[in-house]
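Taken in order, the sequence shown gives residues -19 to -1, 1 to 367; the numbers are from mature numbering (1 follows the signal peptide of the UniProt record, and there is no 0).
Glycine included, each C-beta is placed from N, C-alpha and C at the ideal position.
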Amino acid sequence: MKTHWLLFLILCLAFPALATETITDKSEAEPPAAPPPAHEAKPIKETFKAPTTKPFKIIGETVEPGTMKTLKWFSVQAPGGVTVGTPVIVINGAKPGPVLALTAAIHGDELNGIEMIRQVVHNIDPKKLNGVVVGMPIVNLEGFWRRDRYIGDRRDLNRYFPGNPKGSYPSRVAYALFTDIIDRCDMLIDIHTGSFFRENLPQLRADFAMDEVADLTKHFGDLTTLQSIAPEGSLRDAATDSGIPAVVMEIGGPLSLEPDKVATGVKSIRTFLKNVGMVEKFKFLPSPQPVFYGSEWVRAEAGGILMSKVKLGASVKKGDLLAEIINPVTNVVHQTLSPLNGTILGRAQNQFVSPGFALFRVGIRHTPEELKEQSRAESAEVDTKE
């Protein structure tokens, strides 16, 4: 008998469940405990730590956090079958943040933006950057080599975005640029100058009807800003259509470097980087920003030698003398007068001009109340037409 009790004790110690578990029918077993209510679950952001910076991958290359790397972008074969890599400077910050694209020289004769990007990117410490800066100082290498506005087949690259992989030569280049680089970015600053021997007061051009774009313009300090709908086919147009807030920065004129205007543009971009938190420095206090909600071109009414009488940024009134156009043969002088009150945002450099040539861009400055009244009037007009 003692032997039987001893065996039973050994079994109980070895398999305690045999002595405690009550055997029941499986159909009568209790259901598993219900999961906690959804509102008790912690959000993912609270469950995990803040996202860490990751290697940034673009055009088949990887840029590690806290480093700068110069890459080469190959779009399509240039005329003659030669393929040359376009430089792309990528700075991947040590901390997470947005991806900013800086582009210049989409028109090959526009040099100020090239120097601006050089100064901006080489002044950024990757260890102190929040986010990524992708700089393309010379988008249109072909035009740059020839000191020409256009791409290889004599067309304007900035009228072919977002491009077509089966389209014309500029359309294919535009498609490659947009899909390979711009589409990887969160926001875009596209830098230009005036065209055809015209020069622009340093300024932003942006469509205020887009909230994200309007917000972007507030971070550049006191840089003049002009309401402007992007031309169809431009890089800015394609970017905003794809949900990438974009502005154009116009700085000076073509075919020359203008240190004073370059310095203004560089300061504005650095102010932007600080104000959006990409560079960990103090934020500048908001500065009064001249905002123009419209502009009007003043054109030549005679041909001859243009002699401008006003400077960029000058305030003019209706009837003020803007320029004289002198006939080189007869010596007859034709005066060009301002048709309105405003500010000179752009002007043609002194040169020979033909009738109809755009001479001055006069900015029209509205108060917020005037802008609202104008919007109401336009809405009423649309309602009437519909």
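DSSP state of residue 320, grouped into three classes?
The count along the sequence shown starts at 1 and reaches residue 320 at position 339. Reduced to three states, the DSSP call for residue 320 is coil.
Among 271, 241, 136, which residue has its Cα nearest to the Cα of residue 198?
In the sequence shown, residue 198 corresponds to position 217, counting from 1. Measuring from the Cα of residue 198, the nearest candidate turns out to be 271.
Quick check: the Cα distance between residue 155 and residue 231, rounded to an integer number of angstroms?
Reading the sequence shown from its first residue, position 174 is the one you call residue 155. Reading the sequence shown from its first residue, position 250 is the one you call residue 231. About 21 angstroms.
When you compare only the Cα positions, how much space is there between residue 148 and residue 305?
In the sequence shown, counting from the first residue as 1, residue 148 sits at position 167. In the sequence shown, counting from the first residue as 1, residue 305 sits at position 324. If I take the Cα positions, the gap works out to 45 angstroms.
Among all the DSSP beta bridges, which residues are the ones paired with residue 230?
Position 249 of the sequence shown holds residue 230. Answer is 172, 185, bridged to residue 230.
Quick check on DSSP: helix, strand or coil for residue 295?
Here residue 295 refers to the residue found at position 314 when the sequence shown is read from its first residue. Looking at residue 295 - three-state DSSP - the assignment turns out to be coil, as it is neither helix nor strand.
Count the other C-beta atoms from every protein chain shown that fall within 10 angstroms of the C-beta of residue 85, then say buried if there are 16 or more, exposed otherwise.
In the sequence shown, residue 85 corresponds to position 104, counting from 1. Per the 10 Å Cβ criterion, buried.
Given this structure, state the Cα-to-Cα distance separating residue 193 from residue 164, to the nearest angstrom.
Here the question's residue 193 lines up with position 212 in the sequence shown. Here the question's residue 164 lines up with position 183 in the sequence shown. Straight-line Cα distance between these residues: approximately 17 angstroms.
For residue 201, which residues in the same chain have their Cβ closer than 7 angstroms to its Cβ, ignoring the five residues on either side in sequence?
Mapped onto the sequence shown, residue 201 falls at position 220. 185, 249, 252, 253, listed in sequence order.
By Cβ distance, which residues of its chain are closer than 6 angstroms to residue 208, with the 5 residues on each side in sequence left out?
Walking along the sequence shown from the start, residue 208 turns up at place 227. Correct list, in chain order: 189, 274.
When the Cα of residue 71 is compared with those of 327, 83, 51, which residue comes out closest?
If you number the sequence shown from 1, residue 71 lands on position 90. When each option's Cα is compared against that of residue 71, the closest is 51.
Mind reading off the beta-carbon distance from residue 44 to residue 37? Whole number of angstroms is fine, and I expect it under 8 angstroms.
Taking the first residue of the sequence shown as position 1, residue 44 is located at position 63. Taking the first residue of the sequence shown as position 1, residue 37 is located at position 56. Going by Cβ atoms, the distance from residue 44 to residue 37 rounds to 5 angstroms, so yes, they are a contact pair.
In whole angstroms, give me the CA-to-CA distance for residue 324 and residue 65.
Taking the sequence shown and counting its residues from 1, one reaches residue 324 at position 343. Taking the sequence shown and counting its residues from 1, one reaches residue 65 at position 84. Rounded to whole angstroms, residue 324 to residue 65 spans 43 angstroms at the Cα level.
By the three-class DSSP mapping on this structure, what secondary structure does residue 87 have?
Stepping through the sequence shown from its first residue, residue 87 is reached at position 106. Looking at residue 87 - three-state DSSP - the assignment turns out to be coil, as it is neither helix nor strand.
Express the C-alpha separation of residue 233 and residue 104 in angstroms, rounding to a whole number.
Walking along the sequence shown from the start, residue 104 turns up at place 123. Walking along the sequence shown from the start, residue 233 turns up at place 252. Roughly 22 angstroms separates the two Cα atoms.
Beta-carbon spacing of residue 334, residue 281 below 8 angstroms:
As a first step, residue 334 is located in the sequence shown; it is residue number 353 there, counting from the start. As a first step, residue 281 is located in the sequence shown; it is residue number 300 there, counting from the start. Going by C-beta atoms, residue 334 is nearer than 8 angstroms to residue 281.
Residue 127: buried (16+ other C-beta within 10 angstroms of its C-beta) or exposed?
Within the sequence shown, the letter at position 146 stands for residue 127. Residue 127 is exposed by the Cβ-count criterion.
Would residue 244 pass as a contact of residue 166 if the rule is Cβ separation under 8 angstroms?
As a position in the sequence shown, residue 244 is number 263, starting the count at 1. As a position in the sequence shown, residue 166 is number 185, starting the count at 1. Cβ distance not < 8 angstroms, so residue 244 and residue 166 don't count as in contact.
Return the first residue and the last residue of the alpha helix (DSSP H) that residue 95 is part of.
Locating residue 95 in the sequence shown gives position 114, counting from the first residue. Start and end: 93 to 102.
For residue 336, count neighbouring Cβ atoms within 10 angstroms of its own Cβ and tell me buried if that reaches 16, exposed if not.
Looking up residue 336 in the sequence shown gives position 355. Flag for residue 336 reads exposed.
Suppose you measure from the CA of residue 29 to the CA of residue 260; what does that come to, to the nearest Å?
Translated into positions along the sequence shown, residue 29 becomes position 48. Translated into positions along the sequence shown, residue 260 becomes position 279. For residue 29, the predicted model reports a pLDDT of 29, less than 50, meaning its position is unreliable; a value from the coordinates is still stated below. One C-alpha to the other measures close to 25 angstroms.
Rounding to the nearest angstrom, what Cα-Cα distance links residue 57 and residue 283 in this structure?
Here the question's residue 57 lines up with position 76 in the sequence shown. Here the question's residue 283 lines up with position 302 in the sequence shown. Straight-line Cα distance between these residues: approximately 44 angstroms.
Residue 224 - DSSP class collapsed to helix/strand/coil:
Position 243 of the sequence shown, counting from 1, holds the residue named residue 224. If DSSP states are grouped into helix, strand and coil, residue 224 belongs with coil.
Report buried or exposed for residue 242, applying the criterion of at least 16 other Cβ atoms within 10 angstroms of its Cβ.
Position 261 of the sequence shown, counted from the first residue, corresponds to residue 242. The residue is buried, with at least 16 neighbouring Cβ atoms inside 10 Å.
State the DSSP-derived secondary structure class of residue 132, mapped to helix, strand or coil.
The residue you call residue 132 lines up with position 151 of the sequence shown. Of the three classes helix, strand and coil, the one that applies to residue 132 here is coil, per DSSP.
With DSSP collapsed to three states, give me the class of residue 346.
By 1-based counting over the sequence shown, the position of residue 346 is 365. Residue state, collapsed to three classes: coil.
Identity of the residue in 326, 109, 183, 221 nearest residue 191 by Cα
Within the sequence shown, numbered from 1, the residue matching residue 191 stands at position 210. Nearest C-alpha to residue 191: 221.
Just how far apart, CA to CA, sit residue 301 and residue 318?
On the sequence shown, residue 301 is found 320 positions in, with the first residue counted as 1. On the sequence shown, residue 318 is found 337 positions in, with the first residue counted as 1. For residue 301 and residue 318, the distance between alpha carbons rounds to 5 angstroms.
Check for me: the beta strand (DSSP E) holding residue 304 runs from which residue to which?
What you label residue 304 is simply residue 323 of the sequence shown in a count that begins at 1. Its beta strand (DSSP E) spans residues 302 to 307.
From this set, 238, 321, 92, which residue's C-alpha is nearest residue 122's C-alpha?
Here the question's residue 122 lines up with position 141 in the sequence shown. If we check each option's Cα against that of residue 122, 92 comes out closest.
Nearest-angstrom Cα separation, counted from residue 125 out to residue 177
One-based indexing of the sequence shown puts residue 177 at position 196. One-based indexing of the sequence shown puts residue 125 at position 144. The straight-line gap from Cα to Cα measures roughly 15 angstroms.
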